[in-house]
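In what follows, a single structure is set out as structure tokens and then discussed.
Chains as they are written, first to last, in the numbering used here: chain A, 1 to 340; chain B, 1001 to 1334.
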């Protein structure tokens, strides 16, 4: 009983229950949903697919969790994904024989540098110039896709350099390689935020930036680096996306990714009003979204229509986070008790 | 010259410089028709921007406008081509649908105190998804009235002409100007944007006004969708992709403060013209691809947001100086 009380108070339980319900639904209605096969030393199956396809969103969600914890938002991540894919594709080049124009490691490094710079730009606008986060990141949201298209000359670039495919398509010890990237980033972020005071500083900035500054913490610096980190995560996510399809399409790479990632963070229990954040919750949130998508596809619904379902989920989650809504529902129950 | 008109003057100067520069650099750029074309090509954007101005002046934001535009092209083309309804019925249905969507979002935002950004972002995906529910493919419009509206031209002075869409856009702008300046609703919008809490304490109908603002934006989006079909004569789920940002950019370039409370529809019109002239300049220039429009717009939004911040800090600094001046006097008198 005591254990249950502690568990229900921890925020992670609600996303886990949501994920559980989705899984249970699939257990009954989607045939072979839980079957996992071993083919040529790799694991295959719906569950593995969910993890693999969810990886780009999970990576984005790690960075966004910190940004949202500061009471900010970064809607430019989708465009930054496109920039990352564009830069890496231009530097590797579409050589049919698969010989990269520049070394692959250099190309990836350059893409990440570009994305960190994009994140720093956002961070600078928010922290030093003091723009609202929505507007500050809106600028790159608009211009970013333009930059990506100009980098690739508005063409879709196909890549044939085999080693680059490892990121998005490769396997290591039977599991998709992208999962190790997620795990590494998650662990690193966890250690930095939870094993040092940085996490607490971020939460402090999210709750009251002024008081944080008076307490002697460099609130602006914290804000700045959170956005820069979000840019880095978007860059890594872009590399994985680009490697999965072995092409860079400035128009479609990372399209709508910002909503999925924000939704993942919010589903995971981090409030859009800033403050406490839950990295693991965001990961579960990303898995919920991916499971939802996979489930919708399993019922042969057009992928575009899945947006309607996602929008309804956003409305439901926002309502649950609204104190007015909760008070009203509670009020309804209270009145009923009085009536009884 | 009033200080609050300064941003509009900046936009006006920007437009004149761009138009003048284009006229000097390119042959055939300077003509009345080229100026009128700005209105012809951007009439739907102007209509969207009018609704968006109301939302932004009230301190909110509406990201759903592009998708609602697409949905209204979809619904109108589907009703015309598949259900063979008469335009007399189709237009009110589409307008009612857009208004209802805006009303729904406004209700959620106001009643449950939810962030407009998230609710309208979800609205963006909802409307876009509903487009695909109507049809995945493009639906062509063959209705005679629609074709007439699409091809009709009205001659103005000399050989210069405008399309009927321009009249709709100008009518919307004039109506918007009147509502914003001379009606109770319009003044309430400014009051809410200036300070919502004060507006509540003053006894203004904040709840109804805010919901009505989003409904108005939904109405404008639906109307813009109908005007948009006059250009394309088709309904397609990808119409108006990213147009919400064009509309926001237009409003911001027009000098409306994103923090709310300050803004002017005339500025928005100028913002729309600046937006249009950038596209025309890129077309005339010839070697840059159209994606440069996005980059330039992003850059302009940045510059204008930066200017706004400078104005704000300048204003608060002036206020602080004023207080510092008065403080010793107050002490002396007490």
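Glycine included, every Cβ here is placed at the ideal spot set by N, Cα and C.
Who are the near neighbours of residue i in its chain, counting only those whose CB is closer than 7 Å to its CB and skipping five residues on each side?
| i | result |
| --- | --- |
| residue 1284 of chain B | 1022, 1026 and 1029 |
| residue 265 of chain A | 61, 64, 65, 68, 282 and 285 |
| residue 104 of chain A | 92, 161, 163 and 164 |
| residue 1160 of chain B | 1032, 1033 and 1036 |
| residue 1241 of chain B | 1066 |
| residue 53 of chain A | 290 |
| residue 1009 of chain B | none |
| residue 1334 of chain B | Summary for residue 1334 of chain B: the model assigns pLDDT 48, below 50, so the residue's position carries little reliability; its value from the coordinates is reported in the next sentence. None. |
| residue 1257 of chain B | 1263 and 1308 |
Comparing alpha-carbon positions, which option in the options lies nearest residue i?
| i | options | result |
| --- | --- | --- |
| residue 1263 of chain B | B:1038, B:1018, B:1046 and B:1056 | B:1056 |
| residue 1212 of chain B | B:1032, B:1159, B:1052 and B:1020 | B:1052 |
| residue 110 of chain A | A:239, A:55 and A:37 | A:239 |
| residue 1079 of chain B | B:1109, B:1295, B:1042 and B:1135 | B:1135 |
| residue 124 of chain A | A:16, A:295 and A:219 | A:219 |
| residue 1226 of chain B | B:1068, B:1054 and B:1061 | B:1068 |
| residue 1091 of chain B | B:1082, B:1146 and B:1043 | B:1146 |
| residue 308 of chain A | B:1123, B:1024, B:1042 and B:1298 | B:1123 |
| residue 14 of chain A | A:259, A:212, A:180 and A:317 | A:317 |
| residue 1238 of chain B | B:1129, B:1308 and B:1109 | B:1129 |
| residue 138 of chain A | B:1062, B:1020 and B:1046 | B:1062 |
| residue 55 of chain A | A:35, A:271, A:260 and A:312 | A:260 |
| residue 1231 of chain B | B:1089, B:1163, B:1131 and B:1005 | B:1163 |
| residue 1187 of chain B | B:1114, B:1058 and B:1148 | B:1058 |
| residue 197 of chain A | A:182, A:222 and A:184 | A:222 |
| residue 256 of chain A | A:49, A:122, A:108 and A:74 | A:74 |
| residue 1081 of chain B | B:1184, B:1172 and B:1144 | B:1144 |
| residue 1281 of chain B | B:1271, B:1269 and B:1296 | B:1296 |
| residue 1210 of chain B | B:1172, B:1114 and B:1222 | B:1114 |
| residue 1132 of chain B | A:334, A:333, A:313 and A:303 | A:303 |
| residue 1346 of chain B | B:1039, B:1041, B:1299 and B:1075 | Since the first residue of chain B shown is 1001 and the last is 1334, residue 1346 of chain B is not available in this structure. |
Starting from the C-beta of residue i, find all residues in its chain whose C-beta is less than 6 Å away, skip the five residues before and the five after it, and write them out in chain order.
| i | result |
| --- | --- |
| residue 319 of chain A | 325 |
| residue 156 of chain A | 247 and 249 |
| residue 97 of chain A | none |
| residue 1 of chain A | In this prediction, residue 1 of chain A has a pLDDT of 49, which is less than 50 and means its spatial position is unreliable; nothing more can be read from the coordinates. |
| residue 226 of chain A | 66, 67 and 70 |
| residue 1194 of chain B | 1261 |
So what does DSSP say about residue i, is it helix, strand or coil?
| i | result |
| --- | --- |
| residue 43 of chain A | strand |
| residue 217 of chain A | coil |
| residue 1228 of chain B | helix |
| residue 1334 of chain B | Any answer about residue 1334 of chain B is weak, because its pLDDT of 48 lies below 50 and its placement is not dependable; what the coordinates show is given next. Coil at residue 1334 of chain B, not helix or strand. |
| residue 12 of chain A | coil |
| residue 163 of chain A | helix |
| residue 176 of chain A | strand |
| residue 1162 of chain B | strand |
| residue 1234 of chain B | strand |
| residue 83 of chain A | helix |
| residue 102 of chain A | coil |
| residue 1140 of chain B | strand |
| residue 156 of chain A | coil |
| residue 1157 of chain B | coil |
| residue 38 of chain A | strand |
| residue 1031 of chain B | coil |
| residue 1324 of chain B | helix |
| residue 1191 of chain B | helix |
Leaving aside the five residues before and after residue i along the sequence, list all residues of the same chain whose C-beta is less than 8 Å from its C-beta, in chain order.
| i | result |
| --- | --- |
| residue 232 of chain A | 63, 112, 115, 116 and 119 |
| residue 328 of chain A | none |
| residue 185 of chain A | 59, 62, 233 and 236 |
With a threshold of 8 Å between beta-carbons, can residue i be considered close to chain D, or not?
| i | result |
| --- | --- |
| residue 1265 of chain B | Protein chains in the displayed structure are A and B, and chain D is not among them. |
Subject >> Contact set between the stretch 1113-1146 of chain B and chain A, restricted to residues whose Cβ is under 9 Å from the partner >> reply: Listed in sequence order: 1113, 1114, 1115, 1117, 1118, 1119, 1121, 1122, 1123, 1124, 1125, 1126, 1127, 1128, 1129, 1130, 1131, 1132, 1133 and 1136.
Original post:
Counting pairs of Cβ atoms below 8 Å between the stretch 272-280 of chain A and the stretch 38-50 of chain A, do you hit three or more?
Top reply: Contact between the stretch 272-280 of chain A and the stretch 38-50 of chain A is absent, with fewer than three C-beta pairs closer than 8 Å.
**OP:** Residues of the stretch 1279-1303 of chain B with a CB closer than 9 Å to any CB of chain A: list them in chain order, please.
**Re:** 1288, 1289, 1290, 1291, 1292, 1293, 1294, 1295, 1296, 1297, 1298, 1299, 1301 and 1302
Original post:
Counting pairs of beta carbons, one from the stretch 48-67 of chain A and one from the stretch 183-200 of chain A, are three or more of them closer than 8 Å?
Top reply: Between the stretch 48-67 of chain A and the stretch 183-200 of chain A, the count of Cβ pairs shorter than 8 Å is three or higher; the stretches touch.
Subject >> Residues, ordered as in the chain, of the stretch 1242-1259 of chain B that lie near chain A by beta-carbon distance below 9 Å >> reply: 1242, 1245, 1246, 1248, 1249, 1252, 1258 and 1259
Original post:
Can you list, in chain order, the residues of the stretch 1036-1063 of chain B whose Cβ is nearer than 8 Å to any Cβ on chain A?
Top reply: 1061
Subject >> Given 8 Å, three or more beta-carbon pairs between the stretch 137-155 of chain A and the stretch 1286-1302 of chain B >> reply: yes
Original post:
Got a sec: which bits of the stretch 1226-1239 of chain B sit with their beta carbon under 9 Å from any beta carbon on chain A, in order along the chain?
Top reply: Identification of residues in the stretch 1226-1239 of chain B having a C-beta nearer than 9 Å to some C-beta of chain A yields 1237, given in sequence order.
Subject >> Three-pair Cβ contact test at 8 Å for the stretch 1262-1280 of chain B versus the stretch 1241-1250 of chain B >> reply: yes
**OP:** Scan the stretch 1090-1115 of chain B for residues whose Cβ lies nearer than 8 Å to a Cβ of chain A and list them as they occur along the chain.
**Re:** 1108, 1111, 1112, 1113, 1114 and 1115
Original post:
At a Cβ cut of 8 Å, what residues of the stretch 271-299 of chain A count as close to chain B, listed as they run along the chain?
Top reply: 272
Subject >> contact_flag[the stretch 1037-1047 of chain B, the stretch 1102-1116 of chain B] where n(CB pairs < 8 Å) is 3 or more >> reply: no
**OP:** Please list the residues of the stretch 250-266 of chain A that have a C-beta atom closer than 7 Å to any C-beta atom in chain B, keeping them in chain order.
**Re:** 259
Original post:
For the stretch 138-154 of chain A, which residues have a beta carbon sitting closer than 9 Å to at least one beta carbon of chain B?
Top reply: 138, 139, 140, 141, 142, 143, 144, 145, 146, 147, 148, 149, 150, 153 and 154
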